[in-house]
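Put into structure tokens, the structure is as follows:
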């Protein structure tokens with residue numbers, strides 16, 4: 619499948635590499651910053667451009683750009699055939715308006731960092747099309763890069779994205795809080811690596827509700843008070859209190 | 619090493635099994651509820667009792683009981699020789715007062731659920747002793763069940779426990795929030811398994827500060843507002859706002 623990638627960030631990079639690795643032809647990388655477009659294009663040994671008027675013909679245009687830029691890029695895009703898809707969790711399919719005959723969404727549910735390889739076989743991709751035929755085609759394309767292709771409406775995808783923010787982005791932030799705290803105690807964050815991994819592995823077989831442990835789960839108010847007294851930042855004390863209260867209420871009412 | 623385990627909950631069970639598997643002799647299980655003491659004792663093919671006056675002689679007494687019960691059990695405990703240790707993250711070593719000649723702490727840093735086997739080789743155990751000699755002995759005992767034995771003062775251990783609550787208990791609660799949200803969208807929580815695992819695996823090689831992604835990291839206010847509008851519970855909206863604000867401030871100031 620001849621594919622043009624718009625964007626050169628983390629999602630663009632990982633998708634471009636995976637598409638290429640699975641036999642699709644990346645014909646061009648577009649990015650408004652020529653250096654970024656060039657860097658990714660070189661990695662893939664393909665062409666690049668930094669103006670939408672220079673876009674090549676392709677079967678699939680993947681808009682792997684920031685949610686904020688999406689509307690203006692669609693607006694400036696010439697009307698060309700092919701399927702146009704964005705990759706955003708929280709942007710409705712209707713962002714494309716009625717400019718193109720075939721459009722949709724190609725949403726890989728994963729956290730991409732440039733320096734960390736990911737195995738696409740493990741990544742669910744949720745697609746949506748402007749009609750059944752487009753949805754079917756996108757589902758098939760997704761199936762060429764992952765066994766975990768699925769369909770999701772814009773509404774479902776938005777909820778999925780919020781869920782992912784809680785489970786992934788916010789958990790990672792809590793890891794950061796823990797790292798800061800260990801640093802202040804003169805201890806290495808490495809100490810927590812096995813515990814963090816075990817916590818994530820546990821819910822592969824137990825439900826998170828079953829896997830919950832800790833002072834709030836037991837409503838152990840003495841320990842919770844000691845912890846609050848230990849936390850220096852009032853903002854983090856607040857986070858500690860509120861999450862603990864929600865856990866306690868869920869399990870001890 | 620002849621060992622008595624006080625308690626029959628998750629920590630007691632996992633410790634007892636690991637001690638036995640590594641060649642220590644569990645001579646007795648104590649629990650104030652005879653049925654619980656008996657159940658664990660049968661699993662280990664050893665004796666049990668439900669009264670502190672019936673405790674056998676041993677080299678090591680492990681108080682794997684709830685933080686709340688610890689003080690009263692120590693109070694009621696007959697003065698017997700051997701090393702007395704508790705397993706609590708947030709309880710000072712001085713909870714033992716001056717009742718025993720040898721006492722300390724034996725704190726395994728892990729989340730234990732009864733139905734989930736853990737590999738002790740991966741679990742750090744932090745010890746503290748009432749003097750250097752006891753600390754050294756406890757360090758050596760810890761070394762028989764894990765290559766990750768370490769020393770921590772009561773103050774360090776408390777901070778470590780708080781850090782573990784943020785990184786593990788609270789992350790697990792966020793998984794629960796995500797599971798609820800997916801359920802409301804008619805989707806299975808399984809969808810998030812790979813993402814959650816990848817998030818935990820990422821910080822084994824990157825620092826969590828480097829690994830942070832998501833709308834708050836990018837200060838993408840449009841997406842964050844969409845997410846807030848999607849969250850039904852005011853309490854979870856609050857959690858979403860506050861964690862997002864802390865992330866935004868950290869990365870975008």
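Chains as they are written, first to last, in the working numbering: chain R, 619 to 871; chain H, 619 to 871.
Backbone N, C-alpha and C define an ideal beta-carbon position, used for all residues, glycine too.
Once you ignore the five residues that flank residue i on each side, which residues in its own chain have a CB closer than 8 angstroms to its CB?
i: residue 821 of chain R; result: 829
i: residue 754 of chain R; result: 747
i: residue 846 of chain R; result: 855, 858 and 859
i: residue 665 of chain H; result: 645, 646, 647, 659 and 674
i: residue 662 of chain R; result: 634, 635, 638, 644 and 647
i: residue 865 of chain H; result: 830, 832, 834 and 835
Report buried or exposed for residue i, applying the criterion of at least 16 other Cβ atoms within 10 angstroms of its Cβ.
i: residue 789 of chain H; result: buried
i: residue 869 of chain H; result: exposed
i: residue 649 of chain H; result: buried
i: residue 863 of chain H; result: exposed
i: residue 816 of chain R; result: buried
i: residue 639 of chain H; result: exposed
i: residue 720 of chain H; result: buried
i: residue 764 of chain H; result: buried
i: residue 762 of chain R; result: exposed
i: residue 834 of chain R; result: buried
i: residue 850 of chain R; result: exposed
i: residue 696 of chain H; result: exposed
i: residue 852 of chain R; result: exposed
i: residue 651 of chain H; result: exposed
i: residue 717 of chain H; result: exposed
Beta strand (DSSP E) containing residue i: first to last residue?
i: residue 768 of chain H; result: 767-769
i: residue 711 of chain R; result: Per DSSP, residue 711 of chain R belongs to no beta strand (DSSP E) and is neither H nor E.
i: residue 677 of chain H; result: Unbroken run through residue 677 of chain H: none, as it is neither H nor E.
i: residue 743 of chain R; result: 743-747
i: residue 780 of chain R; result: Not the beta strand (DSSP E): residue 780 of chain R falls in the alpha helix (DSSP H), residues 772-782.
i: residue 808 of chain R; result: From DSSP, residue 808 of chain R is part of no beta strand (DSSP E); its letter is neither H nor E.
i: residue 665 of chain R; result: 665-667
Under 9 angstroms, Cβ to Cβ, is there at least one residue of chain R near residue i?
i: residue 871 of chain H; result: no
i: residue 858 of chain H; result: yes
i: residue 698 of chain H; result: no
i: residue 610 of chain H; result: Chain H is shown only over 619 to 871; residue 610 of chain H falls outside these bounds and no answer can be derived.
i: residue 649 of chain H; result: no
i: residue 752 of chain H; result: no
i: residue 868 of chain H; result: yes
i: residue 684 of chain H; result: yes
i: residue 832 of chain H; result: yes
i: residue 667 of chain H; result: no
i: residue 829 of chain H; result: yes
i: residue 703 of chain H; result: no
i: residue 799 of chain H; result: yes
What are the boundary residues of the alpha helix (DSSP H) that residue i is part of?
i: residue 815 of chain R; result: 811-820
i: residue 620 of chain R; result: Per DSSP, residue 620 of chain R belongs to no alpha helix (DSSP H); it is in the beta strand (DSSP E), 620-624.
i: residue 692 of chain R; result: 685-694
i: residue 637 of chain R; result: 628-639
i: residue 849 of chain H; result: That residue, residue 849 of chain H, is in no alpha helix (DSSP H); it is neither H nor E in DSSP.
i: residue 785 of chain H; result: Looking at the DSSP string, residue 785 of chain H is not in any alpha helix (DSSP H), and its letter there is neither H nor E.
i: residue 654 of chain R; result: 652-662
Does residue i come out as helix, strand or coil in the three-state DSSP assignment?
i: residue 823 of chain H; result: coil
i: residue 726 of chain R; result: strand
i: residue 759 of chain H; result: helix
i: residue 830 of chain R; result: coil
i: residue 646 of chain R; result: strand
i: residue 698 of chain H; result: coil
i: residue 703 of chain R; result: strand
i: residue 721 of chain H; result: strand
i: residue 838 of chain R; result: coil
i: residue 736 of chain H; result: coil
i: residue 764 of chain R; result: coil
i: residue 798 of chain R; result: helix
So is residue i in contact with chain H if we call contact Cβ pairs under 9 angstroms?
i: residue 810 of chain R; result: yes
i: residue 674 of chain R; result: no
i: residue 717 of chain R; result: no
i: residue 633 of chain R; result: no
i: residue 678 of chain R; result: no
i: residue 788 of chain R; result: yes
i: residue 746 of chain R; result: no
i: residue 661 of chain R; result: no
Excluding sequence positions up to five away, which residues of its chain have a Cβ less than 7 angstroms from the Cβ of residue i?
i: residue 694 of chain R; result: 670
Near residue i, which residues of its chain fall below 6 angstroms by C-beta distance, leaving aside the five closest residues on each side in sequence?
i: residue 708 of chain R; result: 776 and 779
i: residue 944 of chain H; result: Since the displayed chain H opens at 619 and closes at 871, residue 944 of chain H lies outside it and no answer follows.
i: residue 800 of chain R; result: 807
i: residue 685 of chain H; result: 706 and 709
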